[in-house]
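Letter by letter, the sequence shown follows residues -29 to -1, 1 to 639 in mature numbering (1 follows the signal peptide of the UniProt record, and there is no 0).
Even glycine gets a Cβ: it sits at the ideal position worked out from N, Cα and C.
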Amino acid sequence: MSERLTRVYRAAALALTAAALVACSTTQATGRPKAPPAASRSTTSADALSQRSPDDIFVQLRDAARTNDAPRATALAAMLTDYDVPSYVQYFQIKSRMFDRSGKALIDTPDDDIRAFLRTYDGQAIADRMRNDWLLVLGKRHDWQTFDAEYPKFVLDDDTQVKCYSMMSRAARGENVTQAATDLLTTPKYYGEGCVDMINTLAASGQLPRKEVWHQMRLAYEENYTSLGKQIADALGTARPDDTLLDMAATRPAQILARGVDGSEASRQLALLATVRMARSDAMLAASSFSGIAGSLSQDERAIGWGAIGMRGALSQSPMAITWYRQAGSAKLSNTAQEWKIRAALRAGDWNLVRTGIEAMPAALRDDGVWTYWYGRALREAGQGDAARAQFQKIAMQTNFYGQLANEELGNKTALPARTTVTKAEIDANRANPGFQRAAKFYDLGLRFEGNREWNWELRNMTDRQLIAAAQYANSIELFDRAVNTADRTKAEHDFTLRYLMPFRSKVEPLAAAVDLDEAWAYGLIRQESRFIINARSSAGAGGLMQIMPATAKMVAKQIGMDYQPGMMHDIDTNIRLGTSYLSDIYNKFDGSAVLASAGYNAGPGRPRTWRSTLDRPVEGAIFAETIPFNETRTYVENVLSNTTYYSALITGRPQSLKERLGVILPQ
């Protein structure tokens, strides 16, 4: 057959497949972030599909798989028989047949196709992803024989639902998993079908006490997953309150509390659910209402209620939070509530409660570096200097916010470790890495999630030298975010010029200097905001290296007299000029506090003003940062100022103090 005739037949086949695609398509994927052309054009026209590039079709296939549109995915995959990443074409097609459109695992799935896929792509990142998906299916089926054969091969093992199914499998073999299950059940956001199934199964078999079921319901209600809480309630069996009462506790808690408590378990527990919900919107009102019924509850139940109210009081930075928490005593609280108990104690300067509260935490939570540091501080305040130093020494080698602070408590400033250099041959060896090649392909298509998955998979078993070489390779091809994240993984040998990259310095340095802004701080913020991805865009709409919101960009441009148009957001000079000007402005408005200004850059200047207004005494910057109510902003401030300290050490060549940058926050 002539080459021309082959092209004619192929075009005809594509047109027929495209027509079938249009016939079976009922939705068009939306919401994909801005990306190169393959990821930014979409149409359901048969003619257009037949003329589009394989990359365009691949991106549409990926979107069909994300929504589990199996007919559409099958039709699109048929158009990509010779695509250069066949593993993903096959994965997207098979995956869409494993879950329904709402994302729930199906029972009837193409197991033979899945097994063949796992054999073909064994050892690749996409095979581990497929195994993760299949384990969700097998768990839902309760096919424990196959599940147990596949689970040990799941390398990342980072799916809470899969872990819940693993508990069910162990229980089915006669193991007692009560403690392991309760240790696992801390974050309702990740429960899904698997953990609800586990809760119901273990409760039915007597492995999960009823009080633990109620605890899980409160946890779900506390975190605003009330529908999940109602699903968990099924584990109560005949003791389950009906949906009318559960809904009332969720949406009209005052009505539940006004009914009083009649002494039954259901009445008492519904009152606690209602208290949890009321406290979310008004901790003071919840405290008043709870006081009226507390006498009808057991000591443990009263403590649970006051703990829930204390947490919400701490989140709103009420001075009453510490009082409410003290009434909670040693009640079993959620991990989040326990953490906020410590934060409330820090704000109040109650070092004894800081110490006892951390001692009461579950071991896995207590061993987190943040609580190791504050426990050391509390021990020092109690005059136990040697014990305090032992705590600081546990984390002083960690190159993060609390590791740096612990190191300073031991008398040291933040200094750079010796730099490990690698050879050109070590760097160039990464060019032939198939996973890195797939990652580069996905980055070119604007598919950052898939690119990061492939890149990170290849790093799993690398030595420090190999990680540094991979980071150098990423830097050489201007994948700056991968360079930073890869260098960030080293344990003993390091190259902090990669971990704390300074691209675009010819632009950052003069633009920061023009507004009298510390260059190290500008870099510390960019590293946290965008990891030097020029066209980065957040879900909230912030854009560019310094992640500026459109309204903020317009406001700052007007203030500095810049002729600005929205299309200029991702221009490097424009973005850095706007970002450094804005940061400098709010820094000056916050009396030179890097903590308040960093928080204001992330959450808006009004919020740190409000948080500051609740202070009744000066507090050290580390305490103010740790008690920021927003998880994102708290982490952001800590990371930005940790970054800044390292950048300053790089730029000046001298050790630096993080504590000095944090300073003291005065009431206002």
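Boundaries (first-last residue) of the alpha helix (DSSP H) holding residue i
i: Thr391; result: Taken as a continuous stretch (DSSP letters only), Thr391 belongs to no alpha helix (DSSP H), as it is neither H nor E.
i: Asn195; result: No alpha helix (DSSP H) holds Asn195; DSSP gives it neither H nor E.
i: Ser289; result: Premise fails: Ser289 is in no alpha helix (DSSP H) and is neither H nor E.
i: Glu124; result: In the sequence under discussion, the amino acid at residue 124 is Lys, which differs from the Glu named in the question. Run containing Lys124: none; DSSP gives neither H nor E here.
i: Thr38; result: Premise fails: Thr38 is in no alpha helix (DSSP H) and is neither H nor E.
i: Thr172; result: 163 to 175
i: Asn404; result: Element bounds for Asn404: n/a, residue is neither H nor E.
i: Ile85; result: 82 to 91
i: Gln305; result: According to the sequence as given, residue 305 is Ser; it is not Gln. Premise fails: Ser305 is in no alpha helix (DSSP H) and is neither H nor E.
i: Met219; result: 214 to 222
i: Glu330; result: 322 to 330
i: Ile448; result: No alpha helix (DSSP H) contains Ile448, which DSSP labels as neither H nor E.
i: Glu425; result: 419 to 430
i: Arg470; result: 467 to 470
i: Gln150; result: 149 to 155
i: Arg337; result: 334 to 337
i: Leu633; result: 629 to 633
Assigned secondary structure, residue i (DSSP; H/G/I helix, E/B strand, else coil)
i: Ile227; result: helix
i: Gly550; result: helix
i: residue 651; result: Outside the displayed range of the chain (-29 to 639) lies residue 651, so it cannot be described from this structure.
i: Phe70; result: strand
i: Ile78; result: coil
i: Val455; result: helix
i: Thr385; result: strand
i: Pro638; result: coil
i: His113; result: coil
i: residue 643; result: Residue numbering for the chain in the displayed model covers -29 to 639; residue 643 lies beyond these limits and cannot be assessed.
i: Ser301; result: coil
i: Ser235; result: coil
i: Arg144; result: coil
i: Val108; result: helix
i: Ala49; result: coil
Euclidean distance between Cα positions of residue i and residue j
i: Thr623; j: Tyr471; result: 14 Å
i: Lys384; j: Asn378; result: 7 Å
i: Ala389; j: Thr158; result: 39 Å
i: Ile97; j: Asp40; result: 19 Å
i: Ser11; j: Asn423; result: A caution first: Ser11 carries a pLDDT of 45, below 50, which makes its placement in the model unreliable, though a value can still be read off. When rounded, the distance between both Cα atoms is 19 Å.
i: Phe118; j: Asp130; result: 14 Å
i: Arg597; j: Arg23; result: First, the residue type needs correcting, since residue 597 is Glu and not Arg in the sequence shown. The straight-line gap from Cα to Cα measures roughly 51 Å.
i: Val635; j: Gln240; result: 43 Å
i: Ile439; j: Tyr192; result: 45 Å
i: Arg453; j: Trp426; result: 8 Å
i: Gln639; j: Gln627; result: 29 Å
i: Ala143; j: Arg112; result: 13 Å
i: Tyr344; j: Arg230; result: 45 Å
i: Arg348; j: Leu381; result: 11 Å
i: Lys529; j: Tyr535; result: 8 Å
i: Leu637; j: Pro481; result: 32 Å
i: Gly266; j: Gln355; result: 39 Å
i: Leu621; j: Met473; result: 10 Å
i: Ala353; j: Thr370; result: 27 Å
i: Gly515; j: Ser509; result: 9 Å
i: Cys(-6); j: Ala35; result: Low local confidence applies: a pLDDT of 40 at Cys(-6) is under 50, so the model's placement there is unreliable, and no value is given.
i: Val126; j: Gly94; result: 9 Å
i: Arg578; j: Asp128; result: 38 Å
i: Phe29; j: Thr38; result: 15 Å
i: Asp71; j: Gln31; result: 18 Å
Notebook entry, point to check: In chain order, which alpha helix (DSSP H) runs of at least 4 residues are fully inside the segment 343 to 379?
Noted result: 356 to 366
Item checked: In chain order, each alpha helix (DSSP H) run of at least 4 residues that lies wholly inside the segment 243 to 280 -> Runs of the alpha helix (DSSP H) inside the segment 243 to 280: 254 to 264.
Next item on the list: Check whether the segment 549 to 562 touches the segment 473 to 490, counting contact only when three or more Cβ pairs, one atom from each stretch, lie closer than 8 Å.
Entry: yes
Next item on the list: Could you tell me whether the segment 37 to 52 touches the segment 61 to 69, where touching means 3 or more Cβ pairs closer than 8 Å?
Entry: yes
Next item on the list: Decide if the segment 159 to 171 is in contact with the segment 209 to 226; the criterion is three or more beta carbon pairs, one per stretch, under 8 Å apart.
Entry: Contact between the segment 159 to 171 and the segment 209 to 226 is not established, with fewer than three Cβ pairs separated by less than 8 Å.
Next item on the list: Only counting runs of 3 or more residues, tell me where the beta strand (DSSP E) segments fall wholly within the segment 573 to 627, in order along the chain.
Entry: none
Check: Can you give, in chain order, each stretch of the alpha helix (DSSP H) that sits fully within the segment 484 to 565 and has at least 4 residues?
Finding: 490 to 500, 521 to 531, 543 to 560
Check: For the segment 446 to 459 against the segment 586 to 593, are there 3 or more C-beta pairs whose distance is under 8 Å?
Finding: no
Margin query: I'd like to know if the segment 560 to 577 and the segment 275 to 282 are in contact, where contact means that at least 3 CB-CB pairs between them fall below 8 Å.
Written below: no
Item checked: Cβ pair count under 8 Å reaching 3, the segment 461 to 468 against the segment 432 to 448 -> yes
Next item on the list: May I ask you to verify whether the segment 511 to 525 touches the segment 540 to 551, counting CB pairs closer than 8 Å and requiring at least 3?
Entry: The way I'd put it, the segment 511 to 525 does touch the segment 540 to 551; three or more beta-carbon pairs between them come closer than 8 Å.
Check: Touching or not, the segment 279 to 288 and the segment 244 to 259, by the rule of three or more beta carbon pairs under 8 Å?
Finding: yes
Check: Are three or more beta carbon pairs between the segment 331 to 344 and the segment 177 to 190 nearer than 8 Å?
Finding: no
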